[in-house]
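As they're listed, the protein sequences go chains A and B. For the first sequence, our numbering gives the first residue as 391, with consecutive numbering after it. For the second sequence, our numbering gives the first residue as 1322, with consecutive numbering after it.
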Amino acid sequence: MGSTMSFALNPEREREMEDIFSRYPNKQAACIPLLHLCQEQQRWVNDDVIAFVAEKCDVPTAHVKGVVTFYSLFNQAPVGEHEIWVCQTLSCALRGADKLLHHCEKRLGIHHGETTKDGKITLRVAECLAACGQAPMIMVDKTYHENLSLERVDEILDALVGK
Amino acid sequence: MLKPVKILTKNYDTPDSHKLQVYQSSGGYEAARKALGMTRDQVVDEVKKANLRGRGGAGFPMGVKWGFMPKDGDKPSYLVINADEGEPGTFKDRTLMERDPHRIIEGCIIGCYGVGAHTAYIYVRHELHLSKERLWGAIHEARAQGFLGPKPFGVDYPVDVFVHTGAGAYICGEETALLESLEGSRGEPRLRPPFPAQRGAFGCPTTVNNLESIASCPTILEMGGEQFSKLSSLHKFGDGGCRLYGVSGHVNKPGVYEACIGVTLRELIYDLGGGMPEGTNLLGVIPGGSSCPIIRPDDIVDAPDPKSILHEWHGKPQLDVPIGVDTMRNLGTMAGTTCAIVLSDRACPVLAMHNLARFYRHESCGQCTPCREGTGWMLRILDKIVQGKGSIEELDMLHEIASNIMGNTICAFGEGASMPMLGFLRKFRKEIEDYIRTGGSSSTGRLAL
């Protein structure tokens, strides 16, 4: 190997990586799950992660870069401690997603696509998150919040910012 | 005709419905046990008789698809389940994963046996964290019980199931893009042929089925294919069974409902969906996910030919035609995922079009020029129109661009992006022209109520 990679998974994730590899007939197929695993550890995918995944999956770094840039959930730059995704697609828009997004922007003092100065929250817009019957909705990290009113959004933001 | 049933959803309201014990206490895994005691051909036959049209949107008969899989060969076969639910307006598969994951695992066992595979991958979009957790939980429980593993139910037919996740790309719901993504690559659709049944995942024969389709298999085996098919009032058109319906947007009771096939759009909106919010009228309904052209309440069925499958509804409102794969196709739209988006007259059709154009622009994978350039061009024209700077000529251009994407791309995304545009242009031409002439002041200026 003789690798000088500066990214490493913690022992628990290292074990999970082995489990991921055991699911597929080849190593390349582990590319996306492995990128998720790395991103979970440090919240974004930098060149070190790309090199790490490329070596583990036995594919060129260009392949991993291609994957990272294709999928919208891989962060190519540092993000806040928490990520808020506001669904903007038609069913949510019909039930007030616009207002909800503007409210978040105003409350947090940032536009979507930006991170608060204290590095706590990144605000983003999402395309359809498959919660159309519970619109409008936002996803905060791994949790869906559905059937939202602006008051409810305030409660969620308060809890995140830790007033 | 509206016939609500609780078949796929029978466990939904039971506490801990995601657990093995609950699933088994309602007869769970008996159908898989039964299937593994039959021959593979018998299983495929039952599924053919069920007339189950794929629930992911394309409506291809599942049994026929299974029949494409090779009987012998030196390569392994795979079953891949498409749970990359992301077609705007569609939110039904998620309920199955969250509330009855064992039904899916049981369906995978039956499916693997039916297509000659020993491994199934369930491709779930990454955002659905609870769904993934519930599926893994069910897999672990089923393994511990021996239902998955080397000898399910004592039969020497090993089956294992894994969850694979995407990373945020609508295109991965397209089956060959999904296979690329499963193999660890960018989700760019493949040219066909070869079809997945010839060369799919990892270069091996593969069947890709929608998640609701596979979750219907235990029921098909339990009641028999023909009985399942006959639940539907469109049984005679080869469109069988019961299915999940969704309704979102401007209705009083948005949500997921189960019913026998035969439900009309009017019943979906007014009975299941609880009707329009007070003081509003129906502007239009997108029948089954955003790619399906919109239907207006004043659209009438025009089928004077007695040979047309729509003839029995000739002269009636299109809203009163049962939602089926072929009935909707003959109306010039699609049943899609049977998850309807309802727009009231408070919503501006131009803004709805713009919203969808933005979605498709964002999700085009960029592989084929007509789609990559065309979706961007359509959005730019709609941007101008929304800002009050559009022209009538540009509407014709929009029509031309959409028409030129159709049929000129590797996958059906091109059609998916163009059909809603053409649908709005056809059905709301006057409203859109008024918007352009008045710089938007003819519009309600909003989508929300």
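Think of the CB as a built atom: it goes at the ideal place given N, C-alpha and C, for glycine as much as any other residue. Since the structure is predicted, the reported quantities are computational estimates derived from the model, not experimental observations.
Legend entry - 8 Å Cβ cutoff, aspartate 488(A) in contact with chain B: yes
Inset, instruction - Check whether the stretch 435-449 of chain A touches the stretch 487-498 of chain A, counting contact only when three or more Cβ pairs, one atom from each stretch, lie closer than 8 Å. - result: Short answer: they don't touch.
Legend entry - Residue burial classification, threonine 1659(B) (beta-carbon count within 10 angstroms, cutoff 16): buried
Inset, instruction - Please go through the same chain and pick out, in chain order, the residues whose beta-carbon is closer than 6 Å to the beta-carbon of leucine 1589(B), but skip the five residues on each side of it. - result: Tyr1566, Val1568 and Ala1661
Inset, instruction - Go through its chain and collect everything with a Cβ distance to glycine 1432(B)'s Cβ below 7 Å, but skip five positions before and after it. - result: Leu1400, Ala1441, Asn1530, Ile1535 and Cys1538
Inset, instruction - Could you give the DSSP three-state label for threonine 1416(B): helix, strand or coil? - result: helix
Inset, instruction - Compile a chain-ordered list of the residues in the stretch 1450-1465 of chain B whose CB is closer than 7 Å to at least one CB of chain A. - result: His1450
Legend entry - Within-8 Å CB hit, arginine 413(A) to chain B: With a threshold of 8 Å between beta carbons, arginine 413(A) makes contact with chain B.
Inset, instruction - Pick helix, strand or coil for histidine 1450(B), following the three-state DSSP scheme. - result: helix
Legend entry - Contiguous beta strand (DSSP E) assignments of at least 3 residues, all confined to the stretch 1505-1550 of chain B: 1527-1531
Legend entry - Backbone secondary structure at asparagine 1676(B) - three-state DSSP: helix
Legend entry - Residue from Ile1753(B), Ile1731(B) and Leu1770(B) with nearest C-alpha to proline 1514(B): Ile1731(B)
Inset, instruction - Using a Cβ-Cβ cut-off of 8 Å, state whether glycine 392(A) counts as contacting chain B. - result: Note that glycine 392(A) has pLDDT 42, beneath the 50 cutoff, so the model's placement of it is unreliable and the number below is only indicative. Closer than 8 Å: no.
Inset, instruction - For chain B, find out if any of its Cβ atoms is closer than 8 Å to the Cβ of glycine 456(A); answer yes or no. - result: Judged by the 8 Å Cβ criterion, glycine 456(A) is in contact with chain B.
Inset, instruction - Look up phenylalanine 1558(B) in the DSSP assignment and say whether it is helix, strand or coil. - result: helix
Inset, instruction - Output the distance between the C-alpha atoms of glutamate 536(A) and aspartate 1405(B), rounded to the nearest integer angstrom. - result: 20 Å
Legend entry - Residue from Leu1604(B), Lys1574(B), Glu1427(B) and Gly1487(B) whose Cα sits closest to the Cα of aspartate 1592(B): Among Leu1604(B), Lys1574(B), Glu1427(B) and Gly1487(B), the Cα nearest to that of aspartate 1592(B) is on Lys1574(B).
Inset, instruction - Report yes or no: is there a C-beta of chain B within less than 8 Å of the C-beta of glutamine 418(A)? - result: yes
Inset, instruction - Mark isoleucine 1713(B) as exposed unless 16 or more other C-beta atoms lie within 10 angstroms of its C-beta, in which case mark it buried. - result: exposed
Legend entry - glutamate 517(A): contacting residues in chain B (beta-carbon distance under 9 Å): Listed along the chain, the chain B residues whose CB falls inside 9 Å of the CB of glutamate 517(A) are Gly1407, Pro1409, Gly1489, Tyr1491, Arg1679, Phe1680, His1683 and Glu1684.
Inset, instruction - Compute the Euclidean distance between the alpha carbons of leucine 1341(B) and arginine 1420(B), then round it to the nearest angstrom. - result: 12 Å
Legend entry - CA-to-CA distance, alanine 420(A) to lysine 1396(B), given in whole angstroms: Approximately 21 Å between the Cα atoms of the pair.
Inset, instruction - Keeping to the same chain, check which residues put their C-beta closer than 7 Å to that of methionine 391(A); ignore five residues upstream and five downstream. - result: No answer about methionine 391(A) holds up, because its pLDDT of 44 lies below 50 and its placement is not dependable.
Inset, instruction - Kindly list, in the order they appear in chain A, the residues whose Cβ is closer than 9 Å to that of glycine 1576(B). - result: Gly523 and Gln524
Legend entry - Backbone secondary structure at proline 1336(B) - three-state DSSP: coil
Legend entry - Presumed contact (8 Å Cβ cut-off) between phenylalanine 1549(B) and alanine 1371(B), rounded CB distance: 4 Å between Cβ atoms; contact.
Legend entry - Cβ pair histidine 1450(B), lysine 417(A) closer than 8 Å: Not in contact: histidine 1450(B) and lysine 417(A) (Cβ atoms no closer than 8 Å).
Inset, instruction - Spatial neighbours of valine 515(A) within its chain, please: CB distance less than 6 Å, with the 5 preceding and 5 following residues excluded, ordered by chain position. - result: Val476, Gln478 and His502
Inset, instruction - Please state whether DSSP places leucine 1768(B) in a helix, a strand or coil. - result: coil
Inset, instruction - Let me know if proline 1409(B) comes out buried or exposed under the rule of 16 or more other beta-carbons within 10 Å of its beta-carbon. - result: buried
Inset, instruction - Would you kindly report the start and end of the unbroken alpha helix (DSSP H) that includes arginine 542(A)? - result: 540-551
Legend entry - Partners in chain A for threonine 1486(B), counting only beta-carbon separations shorter than 8 Å: Ile422, Pro423 and His426
Inset, instruction - Report yes if the C-beta distance between valine 1577(B) and glycine 470(A) is below 8 Å; otherwise report no. - result: The answer is no: Cβ separation not under 8 Å.
Inset, instruction - Find out if the Cβ-Cβ distance for the pair valine 1704(B), leucine 1604(B) is shorter than 8 Å. - result: Reading off the sequence shown, one finds aspartate at residue 1704(B), where the question assumed valine. Cβ atoms of aspartate 1704(B) and leucine 1604(B): not closer than 8 Å.
Legend entry - Within chain A, partners of serine 1569(B) - CB distance below 7 Å: Ser481, Cys522, Gly523 and Ala525
Legend entry - Where the stretch 1502-1514 of chain B meets chain A: residues whose CB sits under 7 Å from a CB there: Ser1502, Leu1503, Glu1504, Gly1505, Ser1506, Arg1507 and Gly1508
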